[in-house]
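In what follows, a single structure is set out as structure tokens and then discussed.
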Amino acid sequence: MAKFKLDEVDHQILDMLIDNTRIPFTDIAKKLLISAGTVHVRVKKMEEAGIIRGSSLTLDYHKLDYSFIAYVGVFLQNTSQTKFVLERINEIPYVTVAHITTGKFNIFCKIRAKDTMHAKEVIFMLDDIDGVYRTETMISLEESLNDKKRLMHTIFNEL
């Protein structure tokens, strides 16, 4: 399959969708002075090319009383246990992200909890998984940067 080429209109559509995945195509069309059908066709092409993969909802975890964030590095007894351990991690709903990594940790996780006591329970759940040698935890004091658009604009400028 040939590489899909994005133009400036595609960039602007993506820009608006990143800000609000629920924005109606008619609103995008009005802002870009194009038809809603054009927006629909372009989004569909970007989906088919794999550039857009679904959409997501952003929750305010503070309002849901899950504002405590910690990052947990997981050390395995043996790297051959990675798949098994990831399957067990996937069963813990408070682990929102997990990466297989090189370097110090075998797996690196992001957890969300209600408070420090709840975080301790989640960390103990990770520690109790067969194959986990030990964990190392870092507490997030504040999320200072979470800007999806900066990278997108850099990528567009490189194209």
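Note that our numbering has the sequence shown beginning at 1037, numbered continuously upward. Note that beta-carbon positions come from the ideal geometry of N, C-alpha and C, so glycine has one too. Note that the structure is a prediction, hence the values are computed from the model and not measured.
task = Would you mind stating whether I1175 and A1106 have Cβ atoms separated by less than 8 Å?
result = Annotated as proximal: I1175 and A1106, with beta-carbon spacing under 8 Å.
- Message: Between the region 1041-1056 and the region 1070-1084, can you find at least three pairs of beta-carbon atoms closer than 8 Å?
- Response: Because the criterion of three Cβ pairs below 8 Å is met, the region 1070-1084 and the region 1041-1056 touch.
Supposed contact pair F1111 and F1141 - C-beta distance, whole angstroms, cut 8 Å
Rounded, the Cβ-Cβ distance is 6 Å, consistent with contact.
- Query: For the beta strand (DSSP E) that H1135 lies in, which residues bound it at each end?
  - Reply: Per DSSP, the unbroken beta strand (DSSP E) holding H1135 starts and ends at V1131 to I1136.
As a quick exercise: from S1092, D1151 and E1044, pick the residue whose alpha carbon is nearest that of H1098.
Per the Cα distances, D1151.
Give the straight-line distance between the Cα atoms of M1082 and M1153, rounded to the nearest whole angstrom. Cα to Cα, M1082 sits roughly 44 Å from M1153.
- Beta-carbon proximity of Q1117 to G1167, cut-off 8 Å: Going by C-beta atoms, Q1117 is nearer than 8 Å to G1167.
- Item | Assigned secondary structure, T1105 (DSSP; H/G/I helix, E/B strand, else coil) | Sequence inspection shows Ile at residue 1105; the Thr mentioned does not correspond to that position. Correct three-state label for I1105: strand.
Between T1171 and G1109, how many whole angstroms is the CB-CB distance? I'm expecting something under 8 Å. The Cβ separation is near 6 Å, so the contact holds.
By the DSSP assignment, the alpha helix (DSSP H) with T1118 in it spans what residues? Taken as a continuous stretch (DSSP letters only), the alpha helix (DSSP H) holding T1118 covers T1118 to I1125.
Per DSSP, what are the beta-bridge partners of L1112 in this structure? The bridge partners DSSP lists for L1112 are V1168.
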